[in-house]
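In the numbering used here, the protein residues as written are 21 to 217. From the three backbone atoms N, C-alpha and C, an ideal C-beta is built for every residue, glycine too. Below you'll find the structure, written out as structure tokens, and then a few comments.
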Amino acid sequence: MFEAHARDVAPRLLGARLTANGVTLRLTEVEAYGGSGEDPGSHAFRGRGRRNATMFGPPGRLYVYFTYGMHWCANVVCGPEGEASAVLLRAGEVVDGLAEARGRRPSARNDAELARGPARLTRALAITGADDGADLGAGPIRLELPERPAIAFATGPRTGVSGPGGDGAAFPWRFWLPGEPTVSGYRPHTPRRRPAY
DNA sequence: GAAATGATCGTCT
DNA sequence: GACGATCATTTCA
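Quick look at the structure:
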């Protein structure tokens with residue numbers, strides 16, 4: 021299953037159940053990233069480094085990285101070992117462990133916001149860098165595929181990917197379940213800060 | 001409402 | 001030394 025390229029695996033993850041630390045999520049939005057040299061927006065584009073080593077390992081593992089000085093994001097490693105494509109888990113609906121998730125996300129105004137957005141998702145599930153490389157088939161963090169793949173899903177440009185030739189529209193590899201209140205939706209990339217004169 | 005901004009640090013240049 | 005696969009909060013209309 022995870023031997024395929026991330027772009028093919030991603031739509032099949034929609035509706036899957038991800039369980040970690042007492043909370044279970046139904047995935048509603050994911051995003052695919054290509055392998056080394058293939059996709060400028062991918063961490064793997066410039067080859068293997070310290071951070072992305074897990075991407076180059078066997079598929080079916082969790083790749084967790086730290087960003088913006090405070091957030092964790094979780095991916096499922098795909099492709100044959102060495103290809104390093106991966107699927108970013110962007111959003112999901114909490115279907116079990118609601119109380120736990122609410123406790124971890126006090127700022128959420130409603131349950132749909134508990135795991136809407138990649139960093140919120142990891143927070144709701146209490147996933148951190150310590151979980152990088154975890155095997156999703158066995159162990160405390162589990163991913164159960166839907167009995168039947170989602171029939172109706174939407175595709176679009178990726179969010180948050182910027183740079184010359186690396187804009188999100190170059191690879192329309194974002195997949196989501198239409199009509200789900202837990203989908204984070206498209207948000208234009210806002211520059212960190214305009215240089216002061 | 002929308003938009004700007006601070007938080008905060010590992011990784012790569 | 002810059003900046004990011006982001007979020008929460010504040011500011012402005």
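- Task: Note down the Cα distance separating PHE86 from ILE147, rounded to an integer number of angstroms.
- Result: By one-based count along the first sequence, residue 86 stands at place 66. By one-based count along the first sequence, residue 147 stands at place 127. Roughly 11 angstroms between the two C-alpha positions.
- Quick one: what's ARG52 bridged to in DSSP? In the first sequence, counting from the first residue as 1, residue 52 sits at position 32. Residue identity differs from the one stated: residue 52 is Ala in this sequence, not Arg. For ALA52, which the question treats as bridged, DSSP gives the partners VAL107.
- Task: Can you give me the Cβ contacts of LEU45 inside the same chain, cut-off strictly under 8 angstroms, excluding the 5 residues immediately before and after it?
- Result: By 1-based counting over the first sequence, the position of residue 45 is 25. Taking LEU45 as the centre and dropping the five residues before and after it, the same chain places the C-beta of ARG37, LEU38, THR39, GLY112, GLU113, VAL114, VAL115, ALA135, LEU141, ALA144 and LEU145 closer than 8 angstroms to its C-beta, in chain order.
- Query: Do you know offhand how far PRO160's Cα is from VAL50's?
  - Reply: Start at 1 with the first residue of the first sequence, and residue 160 comes out as number 140. Start at 1 with the first residue of the first sequence, and residue 50 comes out as number 30. Rounded to whole angstroms, PRO160 to VAL50 spans 21 angstroms at the Cα level.
- Comparing alpha-carbon positions, which option in ALA158, TRP196 and GLY149 lies nearest ILE171? Position 151 of the first sequence holds residue 171. The option with the nearest alpha carbon to ILE171 is TRP196.
- Message: Helix, strand or coil, according to DSSP, for ASN41 in the structure here?
- Response: Residue 41 sits at position 21 when you count from the first residue of the first sequence. Looking at ASN41 - three-state DSSP - the assignment turns out to be coil, as it is neither helix nor strand.
- Query: Which whole-angstrom value is the C-beta distance of GLY153 and THR74, which I expect to be below 8 angstroms?
  - Reply: As a first step, residue 153 must be located in the first sequence, where it is residue number 133. As a first step, residue 74 must be located in the first sequence, where it is residue number 54. Between THR74 and GLY153 the Cβ distance is about 5 angstroms, and since that is below 8 angstroms, they are a contact.
- Pick from MET21, GLY157, PRO60 and TRP193 that is closest to LEU108, judged by C-alpha positions: Stepping through the first sequence from its first residue, residue 108 is reached at position 88. In terms of Cα proximity to LEU108, the closest of MET21, GLY157, PRO60 and TRP193 is TRP193.
- Query: When burial is assigned at 16 or more other CB atoms within 10 Å of the CB, is ARG168 buried or exposed?
  - Reply: Taking the first sequence and counting its residues from 1, one reaches residue 168 at position 148. Under this definition ARG168 is an exposed residue.
- Query: Of the residues GLY199, HIS91 and PRO79, which one's Cα is nearest the Cα of PRO138?
  - Reply: Reading the first sequence from its first residue, position 118 is the one you call residue 138. Measuring from the Cα of PRO138, the nearest candidate turns out to be HIS91.
- Please work out which residues of its chain come closer than 7 angstroms, Cβ to Cβ, to GLY57, disregarding the five sequence neighbours upstream and downstream, and give them in chain order. Your numbering for residue 57 matches position 37 in the first sequence. If we look at GLY57 and ignore the five residues flanking it on each side, its Cβ neighbours are PHE65.
- Query: Using CA coordinates, which residue listed in PRO198, THR175, GLY199 and THR179 is at the minimum distance from ASP28?
  - Reply: Counting from one through the first sequence, the residue named residue 28 turns up at place 8. Taking only the C-alpha atoms, the option nearest ASP28 is THR175.
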